[in-house]
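I have placed the structure first, in the form of structure tokens, so that the comments after it can refer back to it.
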Amino acid sequence: MMVRALALLIALLTVATSALAQPSPFDMSGERPADAPVLQQPSEAGNKGAASADQPAVVMKPADFKRFIIPFSALSLTGEVDERAWSVYLTPAQAQTAATLNFAYQNAIVVAPEASMLSVFVNGELAGEGQISAAEAAAPISYDLKPGLLRAGTNDIRFKVRQRHRTDCTVESTYELWTEIAPDTAFIRFTSGDSATLTSLDDVRAVGLDARGRTQFNLVVPGLQQPSRTAALMRLAQGLALRGQMPAQEFALSETMPELDKPGQITALIGTAEEVAPLIERLPDGASSGPVAMFVTDSKTKASVLVISGPDWSAVQEAIEGVTQPMDRPSNVPRDVIATGRWLLPETPLVVSRARLRFSELGVETSEFTGRRFRTRFSVAVPSDFYADAYGDATLLLDAAYTETVLPGSHIDVYVNGNIASTIALNSVTGDILRHLPIKVTMRHFKPGPNVIEIEAVLATEPDKACAPGTPASSDPRFALFDTSELRMPDFARIGRRPNLAAISGAGAPYRNDAAAVPLLLDRADEDTLSAAATFLARLAVAGGRPIAVEVITSPLAAGNRNTLFVGAMPQLSKTVLTQVGIDPARQMSWGNAEDSGQRDETQKAIDEWRTRLSGGAWRNQVTAFQTWVKQEFDISLNSLRILPEAQAEYAPPESAGLVLAQGANPTDDATWTLLTAPTSKRLREGTAAIADVTRWQHLAGRVSAYEPATDNIEITPVTGFDFVQTQPPSLTNYRLILANWLSSNIMFYALLLIVLSVLLGLATSSMLTRLGRRQ
Amino acid sequence: MSKVGSVAAWAFFSLCVMAVITLPVNLQTQLIVSVLIVTFMAILKLANAGGRWRLIALAFGTAVVLRYVYWRTTSTLPPLNQLENFIPGFLLYLAEMYSVMMLSLSLFVVAMPLPPRKASSISDGKFPKVDVFVPSYNEDAGLLANTLAAAKAMDYPADKLTVWLLDDGGTLQKRNSANLVEAQRASARNVELQTLCDELGVRYLTRERNEHAKAGNLNNGMLHSDGELIAVFDADHAPARDFLLETVGYFEQDPKLFLVQTPHFFLNPDPLERNLRTFEKMPSENEMFYGIIQRGLDKWNAAFFCGSAAVLRRKALEESDGFSGMSITEDCETALALHGRGWNSIYVDRPLIAGLQPATFASFIGQRSRWAQGMMQILIFRFPLFKGGLSIPQRLCYMSSTLFWLFPIPRTIFLFAPLFYLFFDLEIFTASGGEFLAYTLAYMLVNLMMQNYLYGSFRWPWISELYEFAQTVHLLPAVISVLLRPSRPTFKVTAKDESILESRLSEIGRPFFVIFAVLFVALLMTVYRVYTEPYKADVTLVVGGWNLLNLIMAGCVLGVVSERGERAASRRVKVSRRCEFGVGEKWYPATIEDVSAHGARVQVFGIDASTVPTDTEGGIRFEPYSGSGTPETLPVAIRNKEIAGDITIMGCRYLPQVARHHSLVADLIFANSRQWSAFQSARRGNPGLVRGTLWFLWLALYQTSRGLIYFMRSLRSSETQKEGA
């Protein structure tokens, strides 16, 4: 306690004296979230830290109810500053109950405790913070949430760190800084066990997470196998998923009741009153007279079960529509935001045309920075028919400042989805205030759906070079980023492409746009296949922001010219479907039998080896060196100069793949067929559950995406030839931009076009000039 | 295909090209396209493809230029909120856009220059009456005598030809001047010229007051004469014998023809040519204008009157009340007025007169200031784009001719733009290295190639830039002052008879040394910054490279303003003409090797050189082209001699005693216009872009050192002068 108080006093004095000695370089007083709260209420924070340290073991009282809060499989906060924010939905009962926020964290040994701080904010208010000092073992922390802080509905939670290295002042050293919080240690504990009870349909949103950050809906359906019920069940899955909006939602369809009262799960019982009665103690009132969809509480486990029932199946269907229908929205009106709040706040704005977004709207706060590597991020979504990856540039209008201590050679880098998109140098020796400095950000790495844009300032300074003791923890701001900065999105080309799994991933397109029912072909109606289909459709609905109407078909012929989904284990699938989505039918039976694995890799390896063996010739070296240089400097390879499209080889799923999502055109080339398949229906269900997790889902792209369970990786087979699918009303400006993008990715065509037109213009000029004016 | 159809097709393809060019394709595409197009253009150029291929190559070039313009406009301007960058950045942008506009106008003008015309013939006995006007202000009698004699000697029926000396140096106003010296001089001149004219059979005419300068003088001539056609020669422009025969015939073919213009061919180098020693091997500056541009203008019926060496129709001039005198370039203004009234002009691309051009840099600048100011006045007073009566091509042609003279403004901007970055760290052009390569470099290369394609054998690489640079410093204030007060400038006669006997710095050369010094400091700054700020070395190198280009240019101009002394006062013309050389009573067979306005070089056979000391008086006897067929004698004095076996080469100086002797001199020099064509075509070789650039670099290096040496010398001499004082 004494030490801490002393440290605070010193900190206070330093701030005061430095403020007296010289004016702060940026007039942004009061904008220091990391330090300011400490100064206001030091004793409270200290007490809390001490209190939590005093009771290390979390004792489970049966009357308690806890909800896990971390929507990731792991939460890691890295670098000198980092934060994560998301929202948790609470029922009115939960919001009124006294609660504590608990978690355990561990940090890298190089993190200097006296200069590092972990803060937790709930609904924008500081719930608690403390030094980061758990290098040895995970340190459990508990913060009381003051009454009234939590509210019914959406609550924002933000974990924020400021970390400094103990000894090192290099930029590289900042990569060694991390603090991790395991999801199973992080929860809100409500003092009353009654708060676990769900009462209204809206409480589905409070479904929550399990200890691994996942969510599961159990749909118990007596008579599950009846094909006539499938479509309604798929609708229900989507309705529930759209209410839950959780990052990793899985659906488990079965005929029997699962174990109840598990965190992160909701069990729904679906069937006619007659069918569901045996499975439950007491039917909800009116179930035998009309459609009902309501929670009942299981007396044994105290768990809430959602009962969707009615006197007959049509009443059940009506009840299902009662769950799903409110989630619907017009398919042709674009959303303002993509609902990402449960794992990423603020909700991601969707940009469909020219727009200017202020950083303050994007959740980036004004911040002053004292370290060496500043990093902040925000997210912006583009529609499924985004087609500007080859030519487009967005512009960051940056408001920032840096002091004279920042050495020239420092730079700000902009990353889009983890790929570097732009760099600007901070070259002034006297510091500078950048006012709406335009930075071109290539849209090359943009994809449909949310895109994470990160801004990283790498700051070299003289004191850091010397790195005297105390330098890493210095509190002199050297860089500031202001929330008046803007992201300016241009009008970009918009046209759908077929195949394009990125559109499925980003916006559930093209299925979300279909007003009529989407044909769904399941190879058989077993639990696994149905679960997989429900999980996949639910994910599509969340990606697209609206439920999709489904019609179950049994033959590909029934699909006609509609966009169709195929879900099933590989061996049962029709050859037509495989051919259309570009999968080698020869692998239909052999996939999943591990004998022939690795064949192709070895061939490739041998070729590579031969290539290195033969690369002795000086001339060849020169050519290769030139190619490498051009590739490096201008990103031009021989491939970008090809005139004929690459031949599209049929995709043979490798043994390492556990699940394959493939897309192609239907036989008449006027609709999209998407196939979700695996060697067996069990693997289909597991694989679908895995890719439904947003961290994997957002990587789906190309014409085939294969999930490899062993490496937890999604392998993309890029699109080589595609058809355009009109998504926007015809407009000359859009066509122009589409042409620009297409020509930017087919360079030789542009060159050819320009050359041919120039030749024609030359000839036309010559013909005109011989007719006009004097001639001889 | 009809005219309308071909224009429609052209417009359609232009639109297509524009549509493709304004597609926002990515940098990689631009890079590949640039490389391909530059390669294609280079191949076409190397193959020296003409006709259609020439226009295709130009279309290629246009595509790259337009890509540059599109990119420059959409993505390189500094943000508006950085005014310190934006204002200079935008000025630079405007300067570049001006250059692009001038490029497109000149492309229009010279897209398909008319090939040389077939000679016109005059129907038998239908020779129209011609008045030849030789306006003079202060030229000396000797110079006028040559011109008048040459004019008088033109092949044309004598009763149809009247030569007028329009003397503005001996007007009543001048003779009665309050300034006694001036009055005396004017009276003496009046008497002297009257005598000369009487001897040559030329009419002398002067007037009461010097109103409206040259235009007024010519109009006065018109009042006193009545010929159907009027030929105008400057006092120093002597016509060849066939001048009228080559030009008058066209008036018969086209009754609406008001002008036949011929090129100005100069016997002496301009100060740049003299100081850079390029006169013998490189085409003259004005050859681009007369060799290509006037031919291009001629295609659009927009060839304009250049003040001399032209024949005009009296009827047309009378319709517009004579020569216009609103601007100080009355020639172009008159042509503009008559074109506006539906009259036609043609241009005959064959040198038919030979003249002198200003010898010193100062008078060269004086002449150019007059042209620049006059063209600006036309631009302001008669704005050709909206002038009624002109066809659209004529409007564009006149806009091209007048707007050209705004060049000092963009030149100045290009000169100083790099300094903004090098000295003040202002970023007035935002582009990455890759973009610079793909857009700017391609643009510059294509620009050079297009220039070379268009003007190759008439203008060597970088010479246009050199001439513009050399004029910019002094023309900038002239152009700006006329823009501010359009009616202020008045006509000043360009002195052309000066000669430089001693090497010295031009009296107006100082600013160039200052500029050179500043650019040199900028070069040092570049090196310094590359080393101290390695993180932005790429930008510094690009901007520094631009500055280096300016420095090379500025260095070369140092040579231009370092005036070389020269021994021969005027240029020699090769003639190879049989004659006899006589000393005392003895005549030897001889050949005239070359002649100048002051003397001749004669190869004499069989003379004993020792018997004829220097300054011996003798004579050259030859048969003049213009005479009756009998040989006539021109008295000379021997200045030097050189013995080569049987042959002695004598340098002689003319000693003209009577007017007829002037006619003989004129006959020697000016009689044969084919010599001039031959001389011109000997210089017309296209060295190509690479060789031309290397040559220019060498030239610039050499001239820089020469300029600096002259500068040192001038410092030393001024010091010794001070010491002496």
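Protein chains in written order, with this note's numbering: chain D, 2 to 777; chain E, 224 to 948.
Note that the Cβ used here is the ideal one computed from N, Cα and C, for glycine as well.
Supposed contact pair residue j and residue i - C-beta distance, whole angstroms, cut 8 Å
i                : j                : result
Val766 (chain D) : Leu278 (chain E) : The sequence given here has Thr at residue 766 (chain D), not Val. Sure, about 5 Å apart at Cβ, within 8 Å.
Asn670 (chain E) : Lys268 (chain E) : Not confirmed; about 13 Å, so no contact.
Thr394 (chain E) : Arg426 (chain E) : About 16 Å; that fails the 8 Å criterion.
Ala533 (chain E) : Leu482 (chain E) : 6 Å
Ala474 (chain D) : Ala113 (chain D) : 6 Å
Leu660 (chain D) : Ile692 (chain D) : 6 Å
Pro148 (chain D) : Ala86 (chain D)  : Their Cβ separation, rounded to whole angstroms, is 23 Å, which puts Pro148 (chain D) and Ala86 (chain D) out of contact at 8 Å.
Gly214 (chain D) : Ser74 (chain D)  : 5 Å
Continuous alpha helix (DSSP H) stretch holding residue i: start and end
i                : result
Lys226 (chain E) : 226-244
Leu300 (chain E) : Here Leu300 (chain E) belongs to no alpha helix (DSSP H), and DSSP marks it neither H nor E.
Pro631 (chain E) : 631-647
Glu137 (chain D) : Looking at the DSSP string, Glu137 (chain D) is not in any alpha helix (DSSP H), and its letter there is neither H nor E.
Asn440 (chain E) : 436-447
Thr536 (chain D) : 528-545
Residue-chain proximity (residue i, chain E), Cβ-Cβ < 7 Å
i                : result
Ile637 (chain D) : yes
Thr766 (chain D) : yes
Leu13 (chain D)  : Reliability fails at Leu13 (chain D), whose pLDDT of 43 lies under 50, so the model's placement of it is uncertain and no value is given.
Ser30 (chain D)  : Low per-residue confidence applies at Ser30 (chain D): pLDDT is 39, beneath 50, and the placement is therefore not dependable, though the value from the model is reported in the following sentence. It does not; no Cβ of chain E falls within 7 Å.
Leu770 (chain D) : yes
Leu758 (chain D) : yes
Ser741 (chain D) : Just to set this straight, residue 741 (chain D) is Ala in the shown sequence, not Ser. Closer than 7 Å: yes.
Tyr751 (chain D) : yes
Ser745 (chain D) : yes
Gly763 (chain D) : yes
Arg355 (chain D) : no
Interface flag, residue i vs chain D, CB-CB below 7 Å
i                : result
Gly767 (chain E) : no
Ala960 (chain E) : As shown, chain E starts at 224 and ends at 948. That puts residue 960 (chain E) outside it, with no answer to give.
Thr763 (chain E) : no
Pro641 (chain E) : no
Ala231 (chain E) : no
Range covered by the beta strand (DSSP E) that runs through residue i
i                : result
Lys864 (chain E) : 855-867
Val818 (chain E) : 809-818
Worksheet entry | Segment contact, 8 Å Cβ cut-off, at least three pairs: the region 461-479 of chain E with the region 368-382 of chain E | Touching, yes, given that three or more Cβ pairs across the two stretches are closer than 8 Å.
Worksheet item: Along the chain, which unbroken stretches of the beta strand (DSSP E) at least 3 residues long are found entirely within the region 82-135 of chain D?
Response: Taken in chain order, the complete beta strand (DSSP E) segments of 3 residues or longer contained in the region 82-135 of chain D are 82-91, 100-108, 118-123, 126-132.
Practice prompt. Quick one: which unbroken beta strand (DSSP E) runs of 3-plus residues sit fully inside the region 173-248 of chain D? Chain order, please.
Written response: The DSSP assignment places 179-182, 188-191, 216-221 as complete runs of the beta strand (DSSP E) inside the region 173-248 of chain D, in order along the chain (cut-off: 3 residues).
Worksheet entry | Stretch pair the region 583-597 of chain D + the region 642-660 of chain D: three plus CB contacts closer than 8 Å | Taking 8 Å as the limit for Cβ pairs, the verdict is that the region 642-660 of chain D does touch the region 583-597 of chain D.
Worksheet entry | Contact between the region 579-589 of chain E and the region 560-571 of chain E (3+ Cβ pairs under 8 Å) | Pairwise C-beta distances place the region 579-589 of chain E out of contact with the region 560-571 of chain E, as fewer than three of them are shorter than 8 Å.
Worksheet item: Within the chosen definition, does the region 445-456 of chain E reach the region 346-366 of chain E through at least 3 CB pairs nearer than 8 Å?
Response: Between the region 445-456 of chain E and the region 346-366 of chain E, the count of Cβ pairs shorter than 8 Å is three or higher; the stretches touch.
Practice prompt. Go through the region 472-496 of chain E residue by residue and report every complete run of the alpha helix (DSSP H) that reaches 4 residues or more, in order.
Written response: Along the region 472-496 of chain E, the alpha helix (DSSP H) occurs as fully enclosed runs of 4 or more residues at 472-476, listed in sequence order.
Item to complete: Please confirm if the region 375-389 of chain D is in contact with the region 398-411 of chain D, defined as three or more CB-CB distances below 8 Å between the two stretches.
Response: In the pairwise beta carbon analysis, the region 375-389 of chain D is classified as not touching the region 398-411 of chain D: fewer than three pairs are separated by under 8 Å.
Worksheet item: Does the region 380-387 of chain D come close enough to the region 445-453 of chain D that 3 or more CB-CB pairs lie under 8 Å?
Response: Three or more pairs of CB atoms, one per stretch, sit closer than 8 Å, so the region 445-453 of chain D contacts the region 380-387 of chain D.
Practice prompt. Say whether the region 434-446 of chain D touches the region 458-470 of chain D, bearing in mind that this needs 3 or more beta-carbon pairs closer than 8 Å, one atom from each stretch.
Written response: With the cut-off at 8 Å, the region 434-446 of chain D and the region 458-470 of chain D do not touch.
Worksheet item: Should the region 629-639 of chain E be regarded as contacting the region 316-323 of chain E, the criterion being three or more beta carbon pairs within less than 8 Å?
Response: Output reads yes: the region 316-323 of chain E touches the region 629-639 of chain E.
Practice prompt. Mind the definition here: the region 161-175 of chain D touches the region 117-125 of chain D only if three or more C-beta pairs lie below 8 Å; say whether that holds.
Written response: In short, these stretches touch, since the Cβ pair count reaches three.
Fill in: beta strand (DSSP E) runs wholly inside the region 541-594 of chain D, at least 3 long, in chain order
Those beta strand (DSSP E) runs which fall completely within the region 541-594 of chain D and span 3+ residues are 551-554, 565-570.
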